[in-house]
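Numbering (our numbering), first residue to last: 560 to 1183. Backbone N, C-alpha and C fix where the C-beta goes; we use that ideal spot for every residue, glycine too.
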Amino acid sequence: MTDADFDYEGLGLVAGLEIHQQLDTATKLFCACPTELREPEESDHRFTRYLHPTKSELGEIDDAALEESMVDREFEYLAYDTTCLVEEDDEPPGRVDREAMETAMEIGQLMDMHVVDQVNVMRKIVVDGSNTTGFQRSMLVANDGEIQTSEGPVGIEDMLLEEESCQRVEETDDGVRFSLDRLGIPLVEIGTKPDIASPEQAREAAQRIGMLLRSTGKVKRGLGTIRQDVNVSIAEGARIELKGVQSLDDIDDLVRNEVRRQVELVDIAAELGERDASVGEPRDVTDVFEDTESGVIGGALDSGGEVHAVRLAGFDGLVGREIQPDRRLGTEFSDHAKRHGAGGIFHTDELPAYGVTEDEVDALREAVGAGPEDAVALVADDPHTAELAIEAVVERAETAIDGVPEETRDALQDGTSRYLRPLPGAARMYPETDVPPVEPDPSEVETPELLTEKVARYESDYGLDSGLAEQVAYGQRWPLFESVVAEGVDATLAAGVLESTLTELRRDDVPVEALTDTHLRETLELVDGGDVPREGVEDLLSALADEPGLTAEAAVEREGLGGVSDEAVREAVVEVVERNADQVETEGMGAFSGLMGECMGALRGKADGDTVSSVLREEIQKRG
């Protein structure tokens, strides 16, 4: 069955979204540290931690946290001159950032949500190293909202205000290295109700929420500042959480591929049931491969490793069955083995191969008592890892007999996913006693103008064409645009510079990210006031980008970009016309285009093109 054949309504598809968006506040959620990201090379000190799960108030340990803690790792943290004791977990957190709370309330209003009477901070257990504390602070701010899509309304279950996790820098020999610059940046998590019934509606709902978030003008932009998680299930399947979707364009493909995966797993479970399938006990089969020519297995044995295998009764031909593009049931087994440190697994649906001979496969089957209808999975690694990994394969194979296991999966760039950890449960949450509750007042904030409304206003009030109006409204610099226009700068000039000119400079590898709002404001004021011709904008902004410490006026003086008088323009034009007198006499106004370029070059962008054009026409006509 292909994806196009799926009857999503008949399959009982139910999906929901969790949108995580960083807020663009001045300081972090529980301390006064800035929310700017740093380069790892700027770190001036570091420390290490080992994290372990804690019990909830009821004495329970969350399954996801427990599995995460079974991987023995050291976590190293890069700290900076802006890092404080709160981020290092050496001091209690401060009060909830007021700016973050106000922005969260604005977002709630845009989604018709009810803001709660009292916000209480909770701790959510996270022991993957992404928080120095071993937990993430989170608080419910609003609930019970709704957005509209072309396939009907989608309810908004809740909105949480949370602290962002650390940035993962790299794997180390002992564990993982993180950077503390991102830790604590305010983040809203918006969860929809399970009202989404198609891959297309999932994408549309995410786009709608993204537009509403950007309408505040108070969210961070750029790669990694917004992430989408998608919850997907079908009637005979199970709830799956797809984590870390980076691009809206990937959401519909991820939903389609997850539906396909669940359909295939349901079919596999049905066939395993007909075969009366079962999973055997793991065995040490190292002797089978004493003289192997397999590089992977031989390398493990040469390092003192072992080979452990398990009989999968009735699984023959099903372990290699594709359940997502280029991913098989055996890939699922391998993902679980990798969580315990193994490089992967081999199984008999793909052997002989990889240097494993047919004789070795026969001996392997005999060693575990596998018959023709059975499959065998094996792991080659150090004794401890091999034992843990094969046990993980056993557990996953047993759940394959039952159907689709509930779990959290990592969204991959090709639209597929891989196993990450079990679904978290209620045991991961418990109250934060170091932060007092907040009583939010929605009347303190105004509902922001939607970006769609902003586009229409830019067209009607400022005379921008629809394309440019949309570019400005959906871009990152609309607050600056509105500010300079309110101060009297021409709207078309401001829009063109902030969108078209900056885009062109970026394509020419000019470091436009170094340009501040002050640089841009000063540039627009100089151009609008006639102190710098419009033709000099690119040179001026390039100079400021290369040396951000300059003011716009200083850059104009250094680069010689100031405008010239009308007399100087006419002198330059006359000189060009006289130098090309024969061409002018022969071609008349036909010589205009070529001479215009020469005139602009002679004036080195110091004169407005309209002025030069007018003077040039006059001088040609005088000689006509």
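- With respect to the 7 Å criterion, Ser774 and Leu1009 are classified as neighbours on the basis of their beta carbons.
- Excluding residues up to 5 positions away in sequence, Ser757 lie with their Cβ nearer than 6 Å to the Cβ of Tyr567 in the same chain.
- For the pair Ala970 and Leu801, the CB atoms are nearer than the 7 Å cut-off.
- Here the alpha carbon of Val680 sits roughly 14 Å from the alpha carbon of Arg657.
- Shown here, Val728 sits in a strand according to DSSP, grouped into three states.
- Under the three-state reduction of DSSP output, Leu1083 falls in the helix class.
- Listed in chain order, the non-local C-beta contacts of Glu917 below 6 Å within the same chain comprise Pro911, local neighbours out to five positions each way being set aside.
- Looking at the backbone, the Cα of Val844 and that of Thr691 are separated by about 41 Å.
- In the DSSP assignment, Asp809 falls outside any beta strand (DSSP E), carrying neither H nor E.
- Within a 10 Å sphere around the beta-carbon of Gln1180 sit fewer than 16 other beta-carbons, which makes this residue exposed.
- When DSSP reads this structure, His906 sits in a beta bridge with Ala936.
- Here Asn702 carries a strand assignment [DSSP, helix/strand/coil].
- One alpha carbon belongs to Glu729, the other to Lys897, and they sit about 17 Å apart.
- In the same chain as Gly839, and ignoring 5 residues on each side of it, the C-beta atoms closer than 6 Å to its own belong to Val869 and Arg870, in chain order.
- Take the alpha-carbon of His943 and the one of Asp732: they are about 17 Å apart.
- By the neighbour-count definition (other C-beta atoms within 10 Å, threshold 16), Gln805 is an exposed residue.
- A distance of 7 Å or more separates the beta carbons of Glu1116 and Ala1102.
- Ser893: member of the alpha helix (DSSP H) spanning Leu888 to Lys897, first to last residue.
- Here Val674 carries a strand assignment [DSSP, helix/strand/coil].
- In the DSSP annotation of this structure, the continuous segment of the alpha helix (DSSP H) that includes Gln760 starts and ends at Pro758 to Ser774.
- Here DSSP, grouped into helix, strand and coil, assigns Ile793 to coil.
- With fewer than 16 other Cβ atoms inside 10 Å of its own Cβ, Ser1019 counts as exposed.
- The Cβ-Cβ distance between Glu966 and Pro981 falls below 7 Å.
- Rounded to whole angstroms, Thr1082 and Ala1111 show a C-alpha spacing of 6 Å.
- Here Pro990 is exposed, its C-beta having fewer than 16 other C-beta atoms within 10 Å.
- If only complete runs of 4 or more residues are kept, the region 1106-1181 shows the alpha helix (DSSP H) at 1111-1118, 1125-1138, 1140-1146, 1151-1162 and 1168-1181, in order along the chain.
- In this structure, DSSP gives Glu1005 a state outside helix and strand, which the three-state scheme calls coil.
- Under the DSSP assignment, Ala970 falls in the beta strand (DSSP E) whose first and last residues are Glu966 to Ala970.
- Around the CB of His604, fewer than 16 other CB atoms lie within 10 Å, so the residue is classed as exposed.
- DSSP places Val735 inside the beta strand (DSSP E), whose first and last residues are Gly734 to Ser738.
- The Cβ neighbour count for Ala1140, taken over all protein chains shown within 10 Å, is under 16; the residue is labelled exposed.
- In summary, His673 is exposed, with fewer than 16 beta-carbon neighbours lying within 10 Å of its beta-carbon over all protein chains present.
- Exclusion of the five residues before and after Asp894 leaves Arg977 and Tyr978 as the residues of its chain whose Cβ lies within less than 7 Å of its Cβ.
- Taking 8 Å as the upper bound for CB-CB distance, Asp908 and Ala934 are in contact here, some 6 Å apart.
- Rounded to the nearest angstrom, the gap between the Cα atoms of Glu595 and Glu1106 is 20 Å.
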